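Numbering (our numbering), first residue to last: 63 to 206.
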């Protein structure tokens with residue numbers, strides 16, 4: 063009986079550790095942007111991944127609550143609050159620890175870029191915005 067209990071406990075520990083590895087192998091969660099000016103929460107949106115700004119530092123004399131999407135090329139969208147703004151959309155798995163096919167919106171410039179993401183060995187998230195084949199990367203850190 064003791065041998066059987068040990069086997070069950072070992073199996074449970076293995077399942078728990080596999081579950082934690084799977085959870086760790088996902089960008090789902092809240093991340094600080096590289097400049098730590100905002101936190102972005104990434105979550106499933108149907109079969110894809112999306113992300114919205116859930117916190118922002120005060121900018122240019124305005125509180126985060128007052129900050130608006132002023133650089134948006136569409137004048138009708140310039141009054142949208144920065145906090146709550148979806149900036150990441152349409153990411154699909156592209157292999158272990160990698161997601162692609164997405165778009166990222168930069169509220170500072172009002173531009174939207176093709177984007178890809180990958181988990182870093184140090185527990186961070188590499189987020190890239192691309193124009194054709196030239197990409198610029200940022201290293202995001204966990205905020206959870």
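Just so you know, even glycine gets a beta-carbon here, dropped at the ideal spot from N, CA and C. What you are looking at is a predicted structure, and each value in this text was computed from that prediction instead of being measured.
- Message: Tell me which residue opens and which closes the beta strand (DSSP E) that residue 100 is part of.
- Response: Along the chain shown, one-based indexing puts residue 100 at 38. Where residue 100 is concerned, the enclosing beta strand (DSSP E) stretches over 100 to 107.
With a threshold of 7 Å on Cβ separation, who are the neighbours of residue 95 within its own chain once the five nearest residues in sequence on each side are excluded? Your numbering for residue 95 matches position 33 in the chain shown. So the qualifying residues of the chain are 102, 200, 202.
For residue 141, collect the residues of the same chain with a Cβ closer than 8 Å to its Cβ; drop the 5 residues on either side in sequence, then sort them by chain order.
-> Counting from one through the chain shown, the residue named residue 141 turns up at place 79. The answer, listed in chain order, is 130, 131.
- For residue 138, the three-state DSSP class (helix, strand or coil): Taking the first residue of the chain shown as position 1, residue 138 is located at position 76. Of the three classes helix, strand and coil, the one that applies to residue 138 here is helix, per DSSP.
What are the complete beta strand (DSSP E) segments, minimum 3 residues, inside the stretch 169 to 204?
-> 173 to 181, 187 to 193, 196 to 204
Own chain residues within Cβ distance below 6 Å of residue 178, not counting five before or after: Numbered from its first residue, the chain shown carries residue 178 at position 116. 162, 190.
ask   = What is the C-beta distance between residue 93 and residue 204, in whole angstroms, given that I count them as a contact (C-beta under 8 Å)?
value = Your numbering for residue 93 matches position 31 in the chain shown. Your numbering for residue 204 matches position 142 in the chain shown. Between residue 204 and residue 93 the Cβ distance is about 6 Å, and since that is below 8 Å, they are a contact.
Would you report the Cα separation of residue 83 and residue 107, rounded to the nearest angstrom?
Numbered from its first residue, the chain shown carries residue 83 at position 21. Numbered from its first residue, the chain shown carries residue 107 at position 45. Residue confidence for residue 83 is low, a pLDDT of 39 falling below 50, so the modelled location carries little weight; the figure read from the coordinates is stated next. One C-alpha to the other measures close to 22 Å.
DSSP state of residue 96 mapped onto helix, strand, coil = Translated into the one-based positions of the chain shown, residue 96 becomes position 34. Reduced to three states, the DSSP call for residue 96 is coil.
Tell me whether the stretch 148 to 164 and the stretch 121 to 128 touch, counting them as touching only if at least three CB pairs, one residue from each stretch, are closer than 8 Å.
no
Cβ of residue 154 within 9 Å of Cβ of residue 110? Counting from one through the chain shown, the residue named residue 154 turns up at place 92. Counting from one through the chain shown, the residue named residue 110 turns up at place 48. Against a cut-off of 9 Å, the Cβ pair of residue 110 and residue 154 comes out as a contact.
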